[in-house]
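**Student:** Chains as they are written, first to last, in this note's numbering: chain A, 29 to 163; chain B, 29 to 163; chain C, 29 to 163.
Sharing a structure here in structure tokens format.
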Amino acid sequence: MIRKLIIATHGQGLHEITLAVEDAVRECGLDEGLCTIFIQHTSASLIVQENADPSVCRDLERWLSRLIPEGDSLYTHNSEGADDMPAHVKAALTASSISIPITDGRLSLGTWQGIYLWEHRRRKAARQVVVHVQR
Amino acid sequence: MIRKLIIATHGQGLHEITLAVEDAVRECGLDEGLCTIFIQHTSASLIVQENADPSVCRDLERWLSRLIPEGDSLYTHNSEGADDMPAHVKAALTASSISIPITDGRLSLGTWQGIYLWEHRRRKAARQVVVHVQR
Amino acid sequence: MIRKLIIATHGQGLHEITLAVEDAVRECGLDEGLCTIFIQHTSASLIVQENADPSVCRDLERWLSRLIPEGDSLYTHNSEGADDMPAHVKAALTASSISIPITDGRLSLGTWQGIYLWEHRRRKAARQVVVHVQR
Numbered sequence: 029m030i031r032k033l034i035i036a037t038h039g040q041g042l043h044e045i046t047l048a049v050e051d052a053v054r055e056c057g058l059d060e061g062l063c064t065i066f067i068q069h070t071s072a073s074l075i076v077q078e079n080a081d082p083s084v085c086r087d088l089e090r091w092l093s094r095l096i097p098e099g100d101s102l103y104t105h106n107s108e109g110a111d112d113m114p115a116h117v118k119a120a121l122t123a124s125s126i127s128i129p130i131t132d133g134r135l136s137l138g139t140w141q142g143i144y145l146w147e148h149r150r151r152k153a154a155r156q157v158v159v160h161v162q163r
Numbered sequence: 029m030i031r032k033l034i035i036a037t038h039g040q041g042l043h044e045i046t047l048a049v050e051d052a053v054r055e056c057g058l059d060e061g062l063c064t065i066f067i068q069h070t071s072a073s074l075i076v077q078e079n080a081d082p083s084v085c086r087d088l089e090r091w092l093s094r095l096i097p098e099g100d101s102l103y104t105h106n107s108e109g110a111d112d113m114p115a116h117v118k119a120a121l122t123a124s125s126i127s128i129p130i131t132d133g134r135l136s137l138g139t140w141q142g143i144y145l146w147e148h149r150r151r152k153a154a155r156q157v158v159v160h161v162q163r
Numbered sequence: 029m030i031r032k033l034i035i036a037t038h039g040q041g042l043h044e045i046t047l048a049v050e051d052a053v054r055e056c057g058l059d060e061g062l063c064t065i066f067i068q069h070t071s072a073s074l075i076v077q078e079n080a081d082p083s084v085c086r087d088l089e090r091w092l093s094r095l096i097p098e099g100d101s102l103y104t105h106n107s108e109g110a111d112d113m114p115a116h117v118k119a120a121l122t123a124s125s126i127s128i129p130i131t132d133g134r135l136s137l138g139t140w141q142g143i144y145l146w147e148h149r150r151r152k153a154a155r156q157v158v159v160h161v162q163r
């Protein structure tokens, strides 16, 4: 089963999508299986991270933006804005697909794990994530 | 088929889990298929790396710990110990799931490849890895 | 269905393999499913990135090589050449497997997405990528 999610983002940072992915899994009705999520963009990415303390997500965003700042003289790809090439590098260092087993009809996430779309562009965007569920 | 592995770790570094994953694949009895491993933690991660020369794993650990040191003034998430936020960043830059095809009843790893759990916390831990095998 | 691709690389950088993976998917004849690619090496990796403007791939290569230079005094694993340990670190920070849903018989890549093998060694190489396609 395949479902496409449209995720509205409002600037850089981690946007939790756990509930939307869980909805797709529940709809599928499988007791046991595998859920794969894939993002159809190269300036945003996917990550499983702690959803208990929001300071973790904020620190992750700040750390990655310090490692990969805008205005780096190395970049030649500048036509789409100062935040574009940094966004591609950030996406390259994180994931474009993640696969999570399903047990007892639910994603087998750890106690403190959430699924996030990591937006690397400043502007508002509608991001497309494809969810595949199988036995 | 789903199996849960409990991996005991004794501090930071790469802990090979190839044999445990291969056991789960053998038990499944499939000739051809796909094996997906998922780690249920956000301060440890998964990686496929060289298992021929142990200096590769040691250098990887030292390189990543130099890039992401403890005591960085950027961190605001400090309540769980000095090694906690660095562990989240390290996990963010590596993988939480990896999928490996099965051929002739075995993981189709390259000649020098091993599967590792990369522990990013200092303390001893019992880490949970979910293995999913399918046709 | 499993297919093995042999990809000839001629030095460091991103080598697009979208067409070869799409061929394997087409050959399989599935309308809907999941395609997983896995690289059998630890000094080269896989990445989904923009295939519209080639300057993105060039900047990615230059950025990663600046972050992970040759000749770093940290490395103890030096026996296989000055570009070997940097190649392992680069592979550790990128992906060894990627899974992409199949819809309408095709990889559901975004408009500007291509699949790349990221070669991290200087010398010519024949890299092996395993493609698994399933319902």
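For each residue, glycine too, the CB sits at the ideal point set by N, CA and C.
Of the choices C:LEU102, C:THR104, C:GLU98 and C:HIS105, whose alpha-carbon is the least far from that of ASP111 (chain C)?
**Tutor:** Here residue 111 (chain C) refers to the residue found at position 83 of the third sequence. Out of C:LEU102, C:THR104, C:GLU98 and C:HIS105, C:GLU98 has the C-alpha closest to the C-alpha of ASP111 (chain C).
**Student:** When the Cα atoms are used, what is the spatial distance from GLY41 (chain C) to SER83 (chain C)?
**Tutor:** Taking the third sequence and counting its residues from 1, the one referred to as residue 41 (chain C) is at position 13. Taking the third sequence and counting its residues from 1, the one referred to as residue 83 (chain C) is at position 55. Each residue's Cα considered, the two are about 12 Å apart.
**Student:** Which term fits GLU78 (chain C), buried or exposed, when burial requires 16 or more other beta carbons within 10 angstroms of its beta carbon?
**Tutor:** Residue 78 (chain C) sits at position 50 when you count from the first residue of the third sequence. Its Cβ being crowded by 16 or more others within 10 Å, GLU78 (chain C) is buried.
**Student:** Closer than 8 Å between beta carbons: that is the criterion. Which residues of the segment 111 to 128 of chain B meet it against chain A?
**Tutor:** Flagged, chain order: MET113, HIS116, VAL117, ALA119, ALA120, LEU121, ALA123, SER124, SER125 and SER127.
**Student:** Please classify TRP146 (chain C): does DSSP put it in a helix, a strand, or coil?
**Tutor:** The residue you call residue 146 (chain C) lines up with position 118 of the third sequence. Strand.
**Student:** Starting from the beta carbon of ILE143 (chain C), find every residue of chain B whose beta carbon is closer than 9 Å, and list them in chain order.
**Tutor:** By one-based count along the third sequence, residue 143 (chain C) stands at place 115. Simply none; closest approach about 15 Å.
**Student:** Under a CB-based cut-off of 7 Å, is GLU108 (chain B) close to chain C?
**Tutor:** Here residue 108 (chain B) corresponds to residue number 80 of the second sequence, with the count starting at 1. Closer than 7 Å: no.
**Student:** Taking the C-alpha atoms as reference points, what is the distance between GLU60 (chain B) and GLU147 (chain A)?
**Tutor:** Sequence index remark: in the second sequence, residue 60 (chain B) carries index 32 (1-based). Sequence index remark: in the first sequence, residue 147 (chain A) carries index 119 (1-based). Approximately 37 Å, taken between the alpha carbons.
**Student:** Compile a chain-ordered list of the residues in the segment 66 to 81 of chain B whose CB is closer than 8 Å to at least one CB of chain C.
**Tutor:** Within the segment 66 to 81 of chain B, the residues whose Cβ lies closer than 8 Å to some Cβ of chain C are ILE75, VAL76, GLN77, GLU78 and ASP81, listed in chain order.
**Student:** Tell me whether HIS38 (chain C) is buried or exposed, calling it buried when 16 or more other Cβ atoms sit within 10 Å of its Cβ.
**Tutor:** On the third sequence, residue 38 (chain C) is found 10 positions in, with the first residue counted as 1. Exposed, by the Cβ-count rule.
**Student:** Once the 5 residues before and after ALA80 (chain A) are set aside, which same chain residues still bring their CB inside 6 Å of it?
**Tutor:** Counting from one through the first sequence, the residue named residue 80 (chain A) turns up at place 52. Cβ within range, chain order: TRP140.
**Student:** Should ILE34 (chain B) go down as buried or exposed, given a rule of 16 or more other Cβ atoms within 10 Å for buried?
**Tutor:** To locate residue 34 (chain B), count along the second sequence from 1; it is residue 6. Flag for ILE34 (chain B) reads exposed.
**Student:** Pull up the distance between the alpha-carbon of MET113 (chain B) and that of HIS116 (chain C), whole angstroms please.
**Tutor:** Counting from one through the second sequence, the residue named residue 113 (chain B) turns up at place 85. Counting from one through the third sequence, the residue named residue 116 (chain C) turns up at place 88. Cα-Cα distance, rounded: 24 Å.
**Student:** Against chain A, does VAL157 (chain B) count as a neighbour if the rule is that its beta carbon must be under 7 Å from one of theirs?
**Tutor:** Mapped onto the second sequence, residue 157 (chain B) falls at position 129. No, VAL157 (chain B) does not count as interfacial toward chain A.
**Student:** Please classify ALA36 (chain A): is it buried, with 16 or more other beta-carbons within 10 angstroms of its beta-carbon, or exposed?
**Tutor:** As a first step, residue 36 (chain A) is located in the first sequence; it is residue number 8 there, counting from the start. So ALA36 (chain A) ends up on the exposed side.
**Student:** At a Cβ threshold of 7 Å, is LEU102 (chain A) touching chain C?
**Tutor:** Translated into positions along the first sequence, residue 102 (chain A) becomes position 74. Closer than 7 Å to some Cβ of chain C, the Cβ of LEU102 (chain A) qualifies, so yes.
**Student:** Can you confirm whether THR37 (chain C), when its beta carbon is compared against all beta carbons of chain B, has any partner nearer than 7 Å?
**Tutor:** The residue you call residue 37 (chain C) lines up with position 9 of the third sequence. Output row for THR37 (chain C): interface = no.
**Student:** Does the beta carbon of GLY138 (chain C) come closer than 7 Å to any beta carbon on chain A?
**Tutor:** Residue numbering aside, residue 138 (chain C) sits at position 110 when the third sequence is read from its first letter. At least one chain A Cβ lies under 7 Å of GLY138 (chain C).
**Student:** Are the CB atoms of ILE5 (chain C) and ILE143 (chain C) nearer to each other than 7 Å?
**Tutor:** Residue 5 (chain C) lies beyond the stretch modelled for chain C, which goes from 29 to 163, so this question has no answer here.
**Student:** Can you tell me whether LEU47 (chain A) is buried or exposed, with buried defined as 16 or more other CB within 10 angstroms of its CB?
**Tutor:** For the purposes of this step, residue 47 (chain A) is identified with residue 19 of the first sequence, where counting begins at 1. LEU47 (chain A) is exposed by the Cβ-count criterion.
**Student:** For HIS160 (chain C), go through chain B and note every residue whose CB falls closer than 7 Å to its CB, in chain order.
**Tutor:** Reading the third sequence from its first residue, position 132 is the one you call residue 160 (chain C). Within 7 Å Cβ-Cβ: LEU62 and PRO129.
**Student:** Given a limit of 7 Å on CB to CB distance, which residues of the segment 29 to 57 of chain B reach chain A?
**Tutor:** Within the segment 29 to 57 of chain B, the residues whose Cβ lies closer than 7 Å to some Cβ of chain A are ILE30, listed in chain order.
**Student:** Let me check one thing: in DSSP terms, what residues is ALA154 (chain C) bridge-paired to?
**Tutor:** Numbered from 1 along the third sequence, position 126 holds the residue referred to as residue 154 (chain C). DSSP, once it has assigned bridges, lists C:ALA36 as partnering ALA154 (chain C).
**Student:** If we define contact as Cβ-Cβ less than 7 Å, is HIS148 (chain C) a contact residue for chain B?
**Tutor:** Taking the first residue of the third sequence as position 1, residue 148 (chain C) is located at position 120. Not an interface residue.
**Student:** So with CB distances below 8 Å, who are the chain A contacts of ASP87 (chain C)?
**Tutor:** The count along the third sequence starts at 1 and reaches residue 87 (chain C) at position 59. The answer, in chain order, is LEU102, TYR103, THR104, HIS105, MET113, HIS116 and VAL117.
**Student:** Looking only at its chain, what residues have a beta carbon closer than 6 Å to the beta carbon of GLY133 (chain B), apart from the 5 residues adjacent to it on each side?
**Tutor:** Here residue 133 (chain B) is taken as the residue at index 105 of the second sequence, counted from 1. Closer than 6 Å at Cβ, skipping near neighbours: ASP59.
**Student:** Give the interface partners of SER93 (chain A) over in chain B, defined as CB-CB distance under 9 Å, in chain order.
**Tutor:** For the purposes of this step, residue 93 (chain A) is taken as the residue at position 65 of the first sequence. Those do not exist, as SER93 (chain A) stays about 10 Å from chain B at its closest Cβ, beyond 9 Å.
**Student:** Taking the beta carbon of ASP51 (chain A) as the centre, do at least 16 other beta carbons fall within 10 Å, making it buried, or is it exposed?
**Tutor:** Position 23 of the first sequence holds residue 51 (chain A). ASP51 (chain A) should be labelled exposed.
**Student:** By the DSSP assignment, the alpha helix (DSSP H) with PRO82 (chain C) in it spans what residues?
**Tutor:** Numbered from 1 along the third sequence, position 54 holds the residue referred to as residue 82 (chain C). First-last of the alpha helix (DSSP H) with PRO82 (chain C): 82 to 95.
**Student:** So for GLU60 (chain A), helix, strand or coil by DSSP?
**Tutor:** Stepping through the first sequence from its first residue, residue 60 (chain A) is reached at position 32. Of the three classes helix, strand and coil, the one that applies to GLU60 (chain A) here is coil, per DSSP.
**Student:** GLU108 (chain B) by DSSP, collapsed to three states: which one?
**Tutor:** Position 80 of the second sequence, counting from 1, holds the residue named residue 108 (chain B). Coil, per DSSP.
**Student:** Could you check whether SER71 (chain A) and ALA119 (chain A) sit closer than 7 Å to each other, using their CB atoms as the reference points?
**Tutor:** Start at 1 with the first residue of the first sequence, and residue 119 (chain A) comes out as number 91. Start at 1 with the first residue of the first sequence, and residue 71 (chain A) comes out as number 43. Against a cut-off of 7 Å, the Cβ pair of SER71 (chain A) and ALA119 (chain A) comes out as a contact.
**Student:** Just how far apart, CA to CA, sit CYS56 (chain B) and SER73 (chain A)?
**Tutor:** On the second sequence, position 28 is the one that residue 56 (chain B) refers to. On the first sequence, position 45 is the one that residue 73 (chain A) refers to. Looking at the two C-alpha atoms, the distance is approximately 33 Å.
**Student:** Identify, in the order they occur along the chain, each residue of the same chain with its Cβ nearer than 8 Å to the Cβ of ASP100 (chain B), setting aside the five sequence neighbours on each side.
**Tutor:** The residue labelled residue 100 (chain B) in the question sits at position 72 within the second sequence. These residues qualify, in order along the chain: MET113 and PRO114.
**Student:** Identify the contact partners of ARG134 (chain A) in chain B, using a Cβ-Cβ distance below 9 Å as the criterion.
**Tutor:** Translated into the one-based positions of the first sequence, residue 134 (chain A) becomes position 106. Simply none; closest approach about 12 Å.
**Student:** Using a threshold of 7 Å, state whether the C-beta atoms of GLY138 (chain A) and GLN68 (chain B) are closer than that.
**Tutor:** For the purposes of this step, residue 138 (chain A) is taken as the residue at position 110 of the first sequence. For the purposes of this step, residue 68 (chain B) is taken as the residue at position 40 of the second sequence. Taking 7 Å as the Cβ cut-off, GLY138 (chain A) and GLN68 (chain B) qualify as a contacting pair.
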